[in-house]
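If you want my numbering, it's the position in the sequence shown, counting the first as 1, plus 135.
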Amino acid sequence: STGIYANPGQDGRAWERPCSLELIHPNGTKGFQIDAGIRIRGGFSRSTENPKHAFRFFFRSDYGTSKLRYPLFGKQATDTFDAFDLRTFQNYSWSFQGDSSGIFMRDVFSRDAQLAMGHQGERGDYYHLYINGLYWGLFNTAERPEASYGATYFGGSKTNFDVIKVEAGPYTINATDGTLVEWTKLYNLAKAGFTSDAAYLKVQGLNPDRTPNPTYPNFVDIDNLIDYMLIIIYGGNIDAPISAFLGNTSPNNFYGMRDRTGASGGFRFFCHDAEHTLLPNSINEDRTGPWPAGESDIYKSNPQWVWQKLSANPEFRLRVADHVHKHFFNGGILTPTSATALLMKRKNQIDRAVVGESARWGDAKTGTPYTRATWQNAVNNVVQNYFPRRSDIVLTQLKAKNLYPATVAPIFSVFGGNVLPGSSVSITAPAGILYVTQDGSDPRLFGGAVSPSVRPQSGPLILNESLTAKARSLVGTNWSALVEAPFTLIQTFTNLSITEIMYHPPDSGETNGSDLEFIEIKNVGTKELDLSGVTITNGIDYRFPIGTRLAPGKFTVLASDRTAFTNRYPQVVLNGVYDGNLANTGDTIEIRHAVGTLITKVTFIDETPWPGAADGRGFSLVPINPNLNPDANNAINWRTSSAIGGSPGKDDADPNVPRILITELLAHTDPPQLDTVEFFNPGTNSANISGWFLTDDRQ
136 STGIYANPGQ
146 DGRAWERPCS
156 LELIHPNGTK
166 GFQIDAGIRI
176 RGGFSRSTEN
186 PKHAFRFFFR
196 SDYGTSKLRY
206 PLFGKQATDT
216 FDAFDLRTFQ
226 NYSWSFQGDS
236 SGIFMRDVFS
246 RDAQLAMGHQ
256 GERGDYYHLY
266 INGLYWGLFN
276 TAERPEASYG
286 ATYFGGSKTN
296 FDVIKVEAGP
306 YTINATDGTL
316 VEWTKLYNLA
326 KAGFTSDAAY
336 LKVQGLNPDR
346 TPNPTYPNFV
356 DIDNLIDYML
366 IIIYGGNIDA
376 PISAFLGNTS
386 PNNFYGMRDR
396 TGASGGFRFF
406 CHDAEHTLLP
416 NSINEDRTGP
426 WPAGESDIYK
436 SNPQWVWQKL
446 SANPEFRLRV
456 ADHVHKHFFN
466 GGILTPTSAT
476 ALLMKRKNQI
486 DRAVVGESAR
496 WGDAKTGTPY
506 TRATWQNAVN
516 NVVQNYFPRR
526 SDIVLTQLKA
536 KNLYPATVAP
546 IFSVFGGNVL
556 PGSSVSITAP
566 AGILYVTQDG
576 SDPRLFGGAV
586 SPSVRPQSGP
596 LILNESLTAK
606 ARSLVGTNWS
616 ALVEAPFTLI
626 QTFTNLSITE
636 IMYHPPDSGE
646 TNGSDLEFIE
656 IKNVGTKELD
666 LSGVTITNGI
676 DYRFPIGTRL
686 APGKFTVLAS
696 DRTAFTNRYP
706 QVVLNGVYDG
716 NLANTGDTIE
726 IRHAVGTLIT
736 KVTFIDETPW
746 PGAADGRGFS
756 LVPINPNLNP
766 DANNAINWRT
776 SSAIGGSPGK
786 DDADPNVPRI
796 LITELLAHTD
806 PPQLDTVEFF
816 NPGTNSANIS
826 GWFLTDDRQ
């Protein structure tokens with residue numbers, strides 16, 4: 136009568152039970168064990184007819200440790216959690232509905248797509264679950280976009296975040312964190328309409344001249360909303376953020392989040408519980424709306440209703456078109472090839488794990504067990520039927536709603552990438568006048584005029600520097616969508632130097648030493664370096680984003696863990712987080728150009744002749760003279776940092792250690808002789824060697 140599995144419909148703190156949660160990696164990677172609280176999670180799936188429920192884990196001081204500290208979602212994410220979800224696959228599942236179309240990746244695809252578009256989202260990964268030693272099948276972790284999530288990824292205090300979601304049952308919105316006060320203000324602005332540019336700009340916190348107005352809160356992150364809705368529409372999502380199962384009159388399955396102080400912009404929305412997507416019979420599903428949910432009741436309002444209101448504005452519609460062209464053309468994430476690659480990455484992760492799911496639940500609802508072959512057929516249906524056709528179908532739907540223009544966008548002979556100096560790229564407009572910029576600006580001004588800084592493009596684009604070309608076609612007064620092509624110039628990097636390596640930091644409190652690793656790179660030359668597409672490989676993996684530039688004399692710092700690094704070095708700008716870790720026994724770091732050629736390389740070890748104090752004692756490796764860019768592979772060119780913790784983001788202080796030589800050594804003596812060591816100062820000034828020590832054991 137008190138068990139949560141026997142009472143899956145019960146919710147709340149009263150139905151949270153203590154448990155021990157353990158993560159075990161078969162490859163020996165360190166996992167964790169923590170005492171926590173566990174609840175059943177979900178809505179429709181709470182049915183007693185469902186033998187495989189999903190869970191939510193809570194970390195409270197009541198159970199021992201108030202937070203889970205572990206990089207559950209990888210190095211790019213936080214490693215501190217109040218709670219997380221362990222989802223399973225309920226709709227189109229083998230265990231609950233006995234559905235052979237289950238692929239166990241529909242929800243994950245939408246979440247991955249949002250991350251791939253450059254937004255924050257619900258990260259997750261796959262795991263086998265054992266309950267009290269009994270195998271329970273394939274599950275998927277998921278971050279929860281709650282107030283603590285907002286504070287982690289967008290900054291500020293979690294007490295300032297309003298989080299909006301849908302309450303199952305009544306299918307009305309409520310604030311799970313904060314209040315609905317700010318959402319109500321957004322709702323009222325949307326009810327008033329966004330037909331005028333002034334209203335459209337005001338909801339973004341801008342004056343009619345597009346300058347910020349501190350009295351106008353920014354209520355909507357427009358770019359986030361557009362990409363969120365494109366994922367909804369592409370996936371044919373019939374249950375979020377408006378549910379077709381509820382006659383399109385009620386919202387479902389979305390999270391919205393905003394810091395009410397305005398410090399991190401407008402409401403952002405998160406793909407959540409997207410199981411009703413990529414369906415075999417929904418290739419023509421049209422979720423562009425408009426739908427009634429939200430029109431007459433704030434408690435039924437939702438991001439798609441806001442999108443519908445914004446769609447009355449021509450500037451918003453063209454901004455949608457720009458995003459559509461980015462994601463549906465030129466290898467964008469919603470093109471057939473890229474969408475397939477995104478799904479196949481997950482498919483390859485669970486290709487063998489599905490066998491375990493089949494053994495546990497394959498015959499739960501059917502006499503003939505579902506097997507890996509059943510799953511493979513379902514995946515093939517999506518890859519071979521849905522992805523190849525869906526992009527064009529959605530484009531037709533968007534054009535019908537005036538969300539993608541009839542004016543055809545320009546075509547590049549080479550769409551971005553790595554190019555040699557002097558390369559020629561032709562850009563053509565199938566109709567109308569072609570306008571191109573090379574300075575990152577839009578050829579079109581807000582309102583529709585041609586930017587005064589551009590002229591009609593004639594002839595090819597000659598590339599002598601890394602740049603992003605932006606192009607539009609203009610037919611009469613009708614603009615095309617924006618085409619944005621980043622080009623990286625192949626250049627020499629003789630002045631790019633590795634100037635600090637923290638490869639074996641010791642543990643610090645509850646922080647693992649491996650989480651405190653970092654490397655520092657410096658431009659020791661006199662000209663700016665474009666690091667676009669440059670990679671760091673071998674021991675660790677990192678790729679510099681397009682547009683990354685390093686000025687002369689400046690540094691870029693990369694670390695293994697964002698949270699640990701920023702806690703240790705709060706005043707240092709962290710430029711990126713790499714995948715993997717440097718080996719404590721020594722490793723190799725290679726920096727390569729975007730085309731793959733080697734720029735520089737260092738192989739170091741934790742033994743002589745390399746400095747020993749960098750091996751677990753808190754010091755880092757730094758070049759003796761970093762500005763000369765010496766042979767990085769020669770240990771004679773390296774020393775330990777002048778202070779424990781190193782000096783990320785700046786030149787290491789000169790330790791000013793005098794040069795003292797050992798000129799004579801007498802050992803294994805017979806009385807009356809004594810073992811002795813003779814030191815010699817070859818300099819012209821006296822040397823203070825107080826505090827120095829001599830050892831024959833560097834450990």
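From the three backbone atoms N, C-alpha and C, an ideal C-beta is built for every residue, glycine too.
- Note that the stretch 206-225 touches the stretch 188-195; at least 3 beta-carbon pairs, one per stretch, sit closer than 8 Å.
- When only Cα atoms are considered, VAL441 and PHE329 end up about 10 Å apart.
- Contact annotation, SER576 with SER588: C-beta distance approximately 7 Å; criterion of less than 8 Å satisfied.
- Between GLU600 and the set PHE739, TYR638, GLN573, the nearest pair of CA atoms involves GLN573.
- Taking C-beta atoms under 8 Å as the contact rule, VAL712 and ALA694 qualify, at a distance of about 6 Å.
- Taking C-beta atoms as the reference points, ARG395 and ASP356 fail to come closer than 8 Å.
- The beta carbon of ALA584 is closer than 6 Å to none in its chain, skipping five residues each way along the sequence.
- Excluding its 5 nearest sequence neighbours in each direction, ASN673 has C-beta neighbours in its own chain below 7 Å: THR723, ILE724, GLU725, listed in chain order.
- Annotation: the continuous beta strand (DSSP E) that includes LEU796 extends over 796-801.
- The continuous stretches of alpha helix (DSSP H) do not include THR200, and DSSP gives it neither H nor E.
- Separation of the CB atoms of ARG241 and THR412 is rounded to 5 Å, and the pair is thereby assigned contact status at 8 Å.
- A direct Cα-Cα distance of roughly 13 Å separates ASN388 from ARG246.
- A contact is defined here as three or more CB-CB pairs under 8 Å, and the stretch 549-567 meets this definition with respect to the stretch 596-615.
- With respect to the C-alpha of HIS462, the residue from ASP217, ALA248, GLU157, ASP766 having the closest C-alpha is ALA248.
- The C-beta separation of MET637 from GLU652 comes to about 6 Å, placing the pair in contact by the 8 Å criterion.
- DSSP lists LYS657 as the bridge partner or partners of SER632.
- Residue nearest to ALA447 within the set PHE547, PRO347, GLY502, ALA333 is ALA333 (criterion: CA-CA distance).
- Assignment of GLY751 by DSSP, reduced to helix, strand and coil, places it in the coil class.
- The three-state reading of DSSP puts GLU619 in strand, counting E and B together.
- With 16 or more other Cβ atoms from the protein chains shown falling within 10 Å of its own Cβ, THR542 counts as buried.
- PRO758 is bridged by DSSP to TRP773.
- Taking C-beta atoms as the reference points, ILE797 and ARG774 fail to come closer than 8 Å.
- Here GLN511 carries a helix assignment [DSSP, helix/strand/coil].
- Within the same chain, Cβ atoms closer than 7 Å to the Cβ of TYR205 are found at PHE167, ASP214, the five residues on either side in sequence being excluded.
- With contacts defined as CB atoms closer than 8 Å, ASN768 and THR738 qualify as a contacting pair.
- Shown here, VAL708 sits in coil according to DSSP, grouped into three states, outside any helix or strand.
- Looking at the backbone, the Cα of ARG195 and that of SER155 are separated by about 13 Å.
- Distance from the CA of VAL707 to the CA of ASP650, rounded to the nearest whole angstrom, comes to 16 Å.
- Proximity of the stretch 251-263 to the stretch 474-490 meets the contact definition, three or more beta-carbon pairs being nearer than 8 Å.
- Here LEU273 really is in contact with GLY491; their C-beta atoms are around 7 Å apart, less than 8 Å.
- Listed in chain order, the non-local C-beta contacts of TYR261 below 7 Å within the same chain comprise LEU273, ASN275, GLN484, ILE485, ALA488, local neighbours out to five positions each way being set aside.
- Measuring C-alpha to C-alpha distances from THR683 to each of ILE468, TYR704, THR603 identifies THR603 as the nearest.
- The alpha helix (DSSP H) runs lying completely inside the stretch 544-588 and spanning 4 residues or more number zero.
- Judged by DSSP in its simplified three-state form, MET364 adopts helix.
- For the pair TYR351 and TYR322, the Cα-to-Cα distance works out to about 15 Å.
- Cα atoms of ASP741 and ARG258: separation of roughly 36 Å, rounded to the nearest angstrom.
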